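K.L.:
Right, here's the structure in full:
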């Protein structure tokens, strides 16, 4: 891929385009061992070696991180007041990462953070029928009738009923434990679905999305890069 030198370095998080242009003019950037002072110089991301202040700047077109989202962190790229999921990714190369889908602030579990917009669309579009599996602890006795209602779609106050969802009862009682599989991502969807059948979600955790399953060795707030096999499975 051919890119302008200043865009290459900006994409890799070395600063703003204007700041990088100043560094290039100062002689801080070398390509294949030669100092270049023209920010518009086109480089080959596959063939050329770029150094910024003596540090090799390896190019990554896409990055993929699996995050075990903790409660209390918002699903956003930036926020003036709250810590975001992107803030948790400390060793990213790109500065255009975003979370794929939104988990509520108090919801935990699997979150894919990437800059691949096409993949995000594939995973989030209801038309693609990608399963998202959640564990939910619920106040109230979950019954076979609830399973039936989930499977038929529920009126949660939107223009359309939800798509059919799978509800599995793990344990049922005053506090019930369940597993839910949906193919949408509406605002507060699972909480609203349970509210529609007279229950209250008191804990929610996403376990999987498509072929990607949460690595249980990741503590809340921890993350790792996806393996090549995991990326291939998603794409």
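In the numbering used here, the protein residues as written are 376 to 610. Even for Gly, the Cβ is constructed at its ideal location relative to N, Cα and C. Predicted model, so just to flag it, every value in this text is computed and none were measured.
#1: Please report the distance separating the alpha-carbon of residue 515 from that of residue 472.
#2: Starting from the C-beta of residue 410, find all residues in its chain whose C-beta is less than 6 angstroms away, skip the five residues before and the five after it, and write them out in chain order.
#3: Could you give the uninterrupted runs of the beta strand (DSSP E) lying entirely in the stretch 391-431, keeping only those of 3 residues or more?
#4: When we look at the beta-carbon of residue 467 and count the other beta-carbons within 10 Å, is it buried (16 or more) or exposed?
#5: Have a look at the DSSP bridge pairing and note the partners of residue 599.
#6: Threshold first: 3 residues or longer. Then list the beta strand (DSSP E) segments lying entirely within the stretch 529-571, N to C.
#7: Which one or two residues does DSSP pair with residue 484 in a beta bridge?
#8: What is the DSSP secondary structure of residue 587, reduced to helix, strand or coil?
#9: Do you know offhand how far residue 499's Cα is from residue 488's?
#10: Taking DSSP as the reference, what is the three-state secondary structure of residue 345?
#11: Buried or exposed: which applies to residue 435, given that a residue is buried once 16 or more other Cβ atoms fall within 10 Å of its Cβ?
#12: Could you round the C-beta distance between residue 420 and residue 383 to whole angstroms and report it? I think they count as a contact, below 8 angstroms.
#13: Measuring CA to CA, which of 427, 521, 389 is closest to residue 572?
#14: Skipping 5 residues on each side, what residues in its chain have a beta carbon closer than 7 angstroms to that of residue 457?
P.N.:
Inspection of the coordinates gives the following:
#1: By one-based count along the chain shown, residue 515 stands at place 140. By one-based count along the chain shown, residue 472 stands at place 97. Each residue's alpha carbon lies about 39 angstroms from the other.
#2: Taking the chain shown and counting its residues from 1, one reaches residue 410 at position 35. Cβ neighbours of residue 410 beyond the five flanking positions: 402.
#3: 404-406, 417-419, 425-427
#4: Walking along the chain shown from the start, residue 467 turns up at place 92. Residue 467 is buried by the Cβ-count criterion.
#5: Locating residue 599 in the chain shown gives position 224, where the first residue counts as 1. Answer by DSSP bridge pairing, in chain order: 441.
#6: 541-546, 550-557
#7: The residue you call residue 484 lines up with position 109 of the chain shown. According to DSSP, which records beta bridges pairwise, residue 484 is partnered with 444, 581.
#8: Here residue 587 refers to the residue found at position 212 of the chain shown. The answer is strand: DSSP assigns residue 587 an E or B state.
#9: On the chain shown, position 124 is the one that residue 499 refers to. On the chain shown, position 113 is the one that residue 488 refers to. Near 13 angstroms, if we compare the C-alpha coordinates of residue 488 and residue 499.
#10: Nothing in the structure corresponds to residue 345, since the chain is present only between 376 and 610.
#11: Locating residue 435 in the chain shown gives position 60, where the first residue counts as 1. Result: exposed.
#12: Reading the chain shown from its first residue, position 45 is the one you call residue 420. Reading the chain shown from its first residue, position 8 is the one you call residue 383. Indeed they touch by this definition, with Cβ atoms about 7 angstroms apart.
#13: Taking the chain shown and counting its residues from 1, one reaches residue 572 at position 197. Residue 521 is the option with its Cα nearest to residue 572.
#14: By 1-based counting over the chain shown, the position of residue 457 is 82. If we look at residue 457 and ignore the five residues flanking it on each side, its Cβ neighbours are 449.
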